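Chemist:
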Amino acid sequence: MKNAIDPCPLCRSETSFFFSKDRFREYYHCQVCDLIFVPSQYHLTPQQEKERYDLHENNPNDPGYRKFLSTLVDPIAEIVPEGSKGLDFGSGPEPVMAEMLKGCGYEIEVYDKYYADDKKVLTQEYDFITCCETVEHFTNPKKELALLFRILKPGGWLGIQTSLHKYQIQTFNNWHYKRDLTHICFFSEKSFHWIHQEFKLSVPKISNTVFLFNKQL
C-alpha cells in the first residue's frame with residue numbers, strides 16, 4: 003500500500019495511504035481522521051482555480067439555487083437569534099447566501115479569496131459563520147478551520163455544508179463530486195467528529211450534508 007507524499011492536510015498524520023486514482027489525479031485516505039484528499043502535486047494553480055469558479059452560474063434569482071442554499075440557511079436561522087453578526091466564508095462571485103441571511107435579520111460580512119479578499123473581516127469576531135460548499139476546496143483545512151474557530155465568539159455556531167464520502171472505492175470512483183478538480187478534500191462524518199474533538203467543540207448537529215459546530219463558552 004503506497005503512502006501519501008503529503009501528510010494529511012486535516013490532522014497532519016503520516017498514516018495516509020493510496021485510495022484511488024483517475025486520469026487527472028490520485029486520492030489518499032487518512033487512517034486517523036478519515037479524510038480523503040488530493041496530494042498538492044495535483045492541485046490547480048490559483049489562476050486555473052479561479053477560471054473554473056468564474057464558470058459557475060450561481061444566479062441569485064434562481065429558485066433552485068436559493069433552495070440549495072436554504073439547506074444551510076434554515077438551520078442557522080432556527081438556532082441563531084436575529085440581529086446576530088455573521089460571516090459567510092467562501093461567498094463566491096455572487097454573495098447570495100449573505101443576502102438570504104440578511105433577509106433573516108442578520109448583520110453579515112463576506113469573505114472570498116478570489117472575489118471578496120478583504121482581510122479586515124478576518125480580524126473581527128462573529129456570532130456565527132457559514133461555510134457552504136467551501137471546505138472541499140481547502141488546501142490546508144486544519145489551518146483554515148482554526149482561523150474560523152478563532153474568530154467565532156464563544157457560544158457561536160459554524161455551519162458547514164459539503165457532500166460526504168462513504169469510503170467505498172467503487173462509489174467514490176463514480177461520485178460526481180470528485181470530478182470537480184477544485185475539490186481536493188473529501189470529508190466523512192468521522193472527519194467532522196475528529197474536528198469537534200480536536201477543537202474542543204460541542205458534538206456537531208448533523209443533517210445530511212450540513213454540520214453545525216457550537217464553540218463552547
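Just so you know, this note's numbering puts the end of the sequence shown at 219, numbered straight through with nothing missing.
Even glycine gets a Cβ: it sits at the ideal position worked out from N, Cα and C.
Bear in mind that the values here come from a model prediction, so they are computed numbers and not experimental data.
1. Suppose the cutoff is 8 Å on Cβ atoms and the five residues either side in sequence are ignored; what does the same chain contact list for Lys202 look like?
2. Just the C-alpha distance for Ser209 and Gly92, rounded to the nearest angstrom, thanks.
3. Using three-state DSSP, classify Pro143 as helix, strand or coil.
4. How would you label Ser193, buried or exposed, when you count the other beta carbons within 10 angstroms and need 16 or more for buried?
5. Where do the N-terminal and C-terminal ends of the beta strand (DSSP E) with Pro77 fall, by residue?
6. Taking the alpha-carbon of Phe21 as reference, which of Asp182, Phe215, Ile197 and Gln172 has the nearest alpha-carbon?
7. Within 8 Å of any Cβ in chain D, is that where the Cβ of Lys155 sits?
8. Between the Cα of Ser204 and the Cα atoms of Gly161, Asp36, Ile7 and Pro143, which residue gives the shortest distance?
9. Beta carbon of Glu285, beta carbon of Pro41: below 8 Å?
10. Is there contact between the region 83 to 91 and the region 100 to 113, where contact requires at least three CB pairs shorter than 8 Å?
11. Quick one: measure Cβ to Cβ for Gly158 and Asp129, integer angstroms, because I've assumed they're closer than 8 Å.
12. Please state whether the Cβ-Cβ distance between Leu214 and Thr132 is less than 8 Å.
13. Could you tell me the alpha carbon to alpha carbon distance between Gly66 and Trp177, rounded to whole angstroms?
Modeler: Looking at the coordinates:
1. Gln218
2. 21 Å
3. helix
4. buried
5. Element bounds for Pro77: not the beta strand (DSSP E) but the alpha helix (DSSP H), Pro65 to Ile81.
6. Gln172
7. The structure shown has no chain D; it contains just one protein chain.
8. Minimum Cα-Cα distance from Ser204 among the listed residues Gly161, Asp36, Ile7 and Pro143 corresponds to Gly161.
9. Residue 285 lies beyond the residue range present for the chain, which begins at 3 and ends at 219; the question has no answer from this structure.
10. yes
11. 5 Å
12. no
13. 21 Å
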